[in-house]
Each structure stands twice: as C-alpha cells, then as structure tokens.
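Report on one structure; see the data block that follows.
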Amino acid sequence: MIVGGGTAGWMAANLMAHRWRDRDVSIMLLESDAIGTIGVGEGSTPYLKGFFKSLGIDESEWMPACNATYKCGIRFPRWSTVPGYESYYHPFFSPLDREIGQVFFENVRRRRSGIDTPANPTDFFHAPFLSSNACAPHPEKPLPFELDYGYHFDAGLLGRFLREKAKAAGVEHLIDTVSTVERNGENIEAIVTEKSGRIAADFFIDCSGFRALLLGGAPDYRFRDFSRTLFNNAAVTVQIERDFSQPLLSETISEGLSSGWMWRIPLQNRTGCGYVYSNHYVSPDAAETELRKTLGLPESARVNHLKMRVGRAEEHWQGNCLGVGLSQGFIEPLEATALMLVQFTIEHFLEAFRFQDTEAPGPHKKTVFNERINQLFDGVLDYVAGHYKLNSREDTAYWRAAREEIVISDRLQALLDCWDNNGDVDRLLEQAGAELVYSRASWYSLLAGMGRFPRNLRPADAAVAREHQEVRRFCTGNLARFRQHQTQLDSLRQSVSEPA
Ligand SMILES: Cc1cc2nc3c(=O)[nH]c(=O)nc-3n(C[C@H](O)[C@H](O)[C@H](O)COP(=O)(O)OP(=O)(O)OC[C@H]3O[C@@H](n4cnc5c(N)ncnc54)[C@H](O)[C@@H]3O)c2cc1C
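All residue numbers for the sequence shown refer to the UniProt record's numbering, where the first residue is 1 and numbers rise by one.
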C-alpha cells in the first residue's frame, strides 16, 4: 500500500511494479483529492536517467509528454563577491572533460598555493559552454560515450505520466483520504479512510509528503532537524511564459537574492521560478515583492507560497513501513537532489527487502539500509551547506549569518580547513569516499567557483594564460558537434508522432 500520489508515490509504484512483475504482489496507491501534491520539484540530477532506463522508458516517450528539457548543470550567480568569481557553474561532467578537467584541477592547486591562475569552473568544462549556447548534451554524430546530464520537467505532467505507466503495470489506484492509522507495536496493520473504510496491507510506503502520515506516527519516530545548518524554510514560486525569442538554455540558474536564492528552470513551454528563503530574515510578503521585482512580473501573475521542513527521519524503514520522498526528509532544493534521494531509497529498499517466503529482512538489514540512506542525506547536506558557508556576500544579515552562524559537520569543516591551509584535499576526499557523496570535481567546482583562494597572489607565467585560452577554444570548437537544444527536443517530438 502506497499512501500518496506525488512524484515520490508514483516513482515508487513504478519501480516496485516493475521489479516484482513476476511475483504475486498487489500494489495499491492511494491519494487524496482533498490534499494536493506539493507541485514543485522540476529539476533533476543525472541519476534520474537511470530511473527511466530501468523502466525501459525512452526520452522520446516521456520528455515531450512532460515538456521536459535537458540540464547540463547549474549556474550560481550572486553567491560570491570575489572578483572573477561572481558567478560560477556546477557542471555535470563528461568524458570529453577528462583532459581539460586536469587543467582545472592543476590551476586550482596552483591558485590555492598563491599563484594567480584562472580557476573558475565556468571556463573549464563543456557543460557551461553547451548550456549558454543553447545546445543539448546530444552530439550530432554519436560519440563512443554518453554525456552526463539531468532534466527539467513539469512536475504535474510527470506525475500524470508515471500514474498511467504504473496503472498499466497493474498498480491499483484509489482516491480517498486516510483518517487514521491502525498500529500494532512497530507495525502498521491498516489505514482507515474516509470513503473506503479500513484497508489492511502487509507493507506500507509512506509518500504522504511533509505530513509523514505513517512514518511520523511510528512509536519511536525520531526526526533529525537540519534547520541550524540550512536556514531556508519557505519558498514562493511562479510560472512564467516562455519567451520564444530567446534561446532555450539547458541549465538551471540559481541566483542569490537578498535572503535566499531563486531558481529559474526552463521548460519547453514555460519557465518555473521560485525564491527559497528564510522567514527569519524576510517575510513572505517581502519575499514575494522581491521575486516579482526581480522577474518584472505583472500584478496579475499568480504566485504560490510554500513552507519547507528540512531534516530527515533517523529511520526511513521502520517496522513494515518505508518513508519515501518528503515524508522521509528534505534537503532544500539548491542542488535538486530530492528525486535522486527518492530513487536511491526505493532502489536500495528493493535490494534489501525480502519476501517472507524466501528470507526475512531481519533487524540488521534494516539497520544497514537506514544507515546507507542517512549517509546519502548527510553527504548531500554537507554539499548544500557548503554553498552557504562559502558565500562571501556582506550586503544582508542573511548572507552573513548563512556564512558565520550555520552549524556544519566536522567532516565539512575538516575539508574547508584542509582547502584553506593548502592541504592534501584529494587525499581527504579519497578517504571520505562515498560518505561525501559528491565527486572530487563537484567539490572543486564549489570551492573554486566561490573564489575560496588566498587574496595576495603571485603572477603566473604566460603559459598559464595560453593554456586557458586553449581550453576555451577546445570547448567552443566542440560546440558545433552538438545539436541545438530546441532541435533535439523537436526531434524527440517528431519520433513520437512518426513511429517507425
Ligand atoms: C520549493 C521546493 C522546490 C523543490 N525543487 C525540487 C527540485 O528541483 N528537484 C527535486 O528533485 N525535488 C525538488 N523538490 C522536492 C520535490 O518537490 C519532492 O521531493 C517531490 O515532489 C516528491 O514529493 P512527495 O511525493 O514526497 O510529496 P507530495 O507531492 O506532497 O505528495 C503528497 C501526496 O500525499 C497525499 N496525501 C497526503 N495526506 C494524505 C491523506 N491523509 N490521505 C491520502 N493521501 C494523502 C497527497 O494527496 C499527495 O498525493 C522541491 C521541493 C520544494 C518544497
């Protein structure tokens, strides 16, 4: 029994129906028509590629249906005030970057040691070149490897698409509202709904969003609150018409505002925008005014206010209940990681879960599973917290507090100390391994991109500038090998309307 029909619920329904297609399992998804879905969550990491691949769903099938676009990475303007680093790019990497990436790492190493080498990641990877030139991460002629990329999509349309897929795979869909949960110790026996009454099941998946209807009521439910690390607790969002006179970029823009940041997510028909802020520093009204002013919105534009609860459950799988999605926890959307955590949770659960007829999961398996999910949450938390800790803005109390007052993990502090003291960051990252979740290239992009370097630098020799130019020429030269973003999306639509 899956409770909740947001993106998390339908992702779970599809992955479970697919994995257990040869088993005698009935899956029901129940959602309320009185309680809506959150309605946001329109950017992904490259991990989502694997979700569609595992279900055998081609881009040409789901992308046009969801007005989806490609995402080569995230651009971060107005987080840093360091000259030359006022904006930087967190790219998704590709094998094309292998050699120029080494130039970036070497330049960063030298700049950390006090030499004036260029080290803004925006200049060193293909992704920023592709996205600012409105290219798709798809070459005209096939390359011997695939580029890493994520997606942007309409959350409502994706929900509907996944719902139809799940129903076609045999998932039963019920519209009703849960009023009470019947428990027996750690386990849930049944839910009681307003119209259909009592519904029993062997296993429950809680996808009820921030309410955490099932998991949150477990006898020893514990929630690890992240609000001392991530100050943002609210968002105001708006959708604006796409300006077809402008090229369709293949990037998310996450721009710092006065008390938080604003995303711009380009879809095929519109741009989704949202200001994520802390209501301790700006009121919802003032945040809305700032959003409207920044985007030049007409008065008639309808905005939506949301509250966010940041943190995670200590145990995502407790008794016969698994929390998936906002019910299990949430790290604010700066790196668009929530659906990655959803997918990872379901995939790992499917690995760990055993039917009674083969082998009971046992407490140990559950503990290992919960630890693994917590590790992922905490690794993402470190990376997202790093953005705030490294900001160099002085213009508002929010940005100063975000740098000086946030509580960060010992692990992140150790990394920053190592970086600042010109220590062996590579060894530290290697030792941390999977615990830090993000790759060396991502950490370097963040730390270098924010301009975290000594201030008094010695000039570099002329060869450095030449090499920098060569890298730029190489990336620019390769642009011609890639399709325009709009052309690639049009070809996906065409392949749907003209089946082979
Ligand atoms: C501001 C913001 C921006 C975000 N941006 C991103 C992003 O860019 N990328 C990303 O990956 N994620 C993002 N997320 C997170 C993403 O939106 C969610 O992870 C995703 O939508 C999954 O939500 P959900 O399905 O867990 O919950 P919801 O969408 O809230 O769905 C909850 C479901 O539970 C049902 N329900 C609740 N109570 C009951 C009841 N009593 N009885 C029956 N049914 C009930 C509701 O009907 C609904 O169907 C963002 C989140 C926020 C807040």
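From the three backbone atoms N, C-alpha and C, an ideal C-beta is built for every residue, glycine too. What you are looking at is a predicted structure, and each value in this text was computed from that prediction instead of being measured.
In terms of Cα proximity to Leu15, the closest of His348, Gly43, Val380, Arg109 is His348. Taking one beta carbon from each stretch, the region 257-272 and the region 146-154 have 3 or more pairs nearer than 8 Å; the two touch. At least one heavy atom of ligand 1 falls within 6 Å of the beta-carbon of Arg211. Of the heavy atoms belonging to ligand 1, none sits nearer than 6 Å to the Cβ of Pro459. A direct Cα-Cα distance of roughly 7 Å separates Asp225 from Arg312. Taking the CA atoms as reference points, Phe124 sits about 19 Å from Pro46. Look at the beta carbons and you see the region 105-114 not touching the region 154-173: under three pairs across the two are nearer than 8 Å.
Per DSSP, reduced to three states, the secondary structure at His138 is strand. Judged by their CB atoms, Ala448 and Ala119 are nearer to each other than the 7 Å cut-off. Look at Cys475: its beta carbon is at least 6 Å from all of the heavy atoms in ligand 1. Annotation: Asp420 is outside any beta strand (DSSP E); the continuous alpha helix (DSSP H) that includes it extends over 410-420.
Nearest in C-alpha terms to Thr337, of all of Ile35, Ile27, Leu29, Ser44, is Ser44. Taking each of Thr229, Asp426, Thr345, Ser283 in turn and checking the Cα distance to Asp410, the smallest one comes out for Thr229.
Nearest neighbour of Gly296 by Cα position, chosen from Gly56, Met28, Val238, Gly329, turns out to be Val238. The alpha carbon of Val368 has as its nearest neighbour, out of Arg78, Gln318, Gln413, Phe330, the alpha carbon of Gln318.
Secondary structure remark: continuous alpha helix (DSSP H) runs of at least 4 residues inside the region 103-149, in chain order: 126-132. By the Cβ-count criterion, Arg75 is buried, with 16 or more other Cβ atoms from all chains shown falling within 10 Å of its own Cβ.
For Asp206, the three-state secondary structure derived from DSSP is strand. In the three-state reduction of the DSSP assignment, Thr252 falls in the strand class, which pools E and B. Secondary structure at Glu182: strand, using DSSP grouped into helix, strand and coil. At a Cβ-Cβ threshold of 7 Å, Gly451 and Ser208 do not count as neighbours. When the Cα atoms are used, Asp490 and Ala463 turn out to be separated by approximately 43 Å. For Cys72, there is no enclosing alpha helix (DSSP H), since its DSSP letter is neither H nor E. Ligand 1 never approaches Gly150 closely enough for any of its heavy atoms to be under 6 Å from the residue's Cβ.
In this chain, Lys307 is not harboured by any alpha helix (DSSP H); it is covered by the beta strand (DSSP E) spanning 304-307.
The alpha carbon of Ile253 has as its nearest neighbour, out of Gly73, Ile2, Pro247, the alpha carbon of Gly73. Proximity of the beta carbon of Pro333 to ligand 1 is indicated: a heavy atom of the ligand is located closer than 6 Å.
In the three-state DSSP reduction, Trp263 falls in the strand class (E or B). If you check the C-beta of Ala336 against ligand 1, you find a heavy atom less than 6 Å away. Closer than 6 Å to some heavy atom of ligand 1: that describes the Cβ of Glu31.
Gly6 is positioned such that its CB atom lies no closer than 7 Å to that of Leu29. Taken through DSSP and simplified to helix, strand or coil, His364 comes out as helix.
DSSP, reduced to helix, strand and coil, places Ile38 outside both helices and strands of the structure shown, so it counts as coil. Residues Cys475, Thr476, Leu479 of the same chain have their beta carbon placed closer than 7 Å to that of Phe129, with the five preceding and five following residues left out of the count. For Thr289, no beta strand (DSSP E) run applies; the uninterrupted alpha helix (DSSP H) run containing it begins and ends at 284-295, by DSSP. With a cut-off of 6 Å, the C-beta of Ser259 is classified as distant from ligand 1, since no heavy atom of the ligand falls inside that distance.
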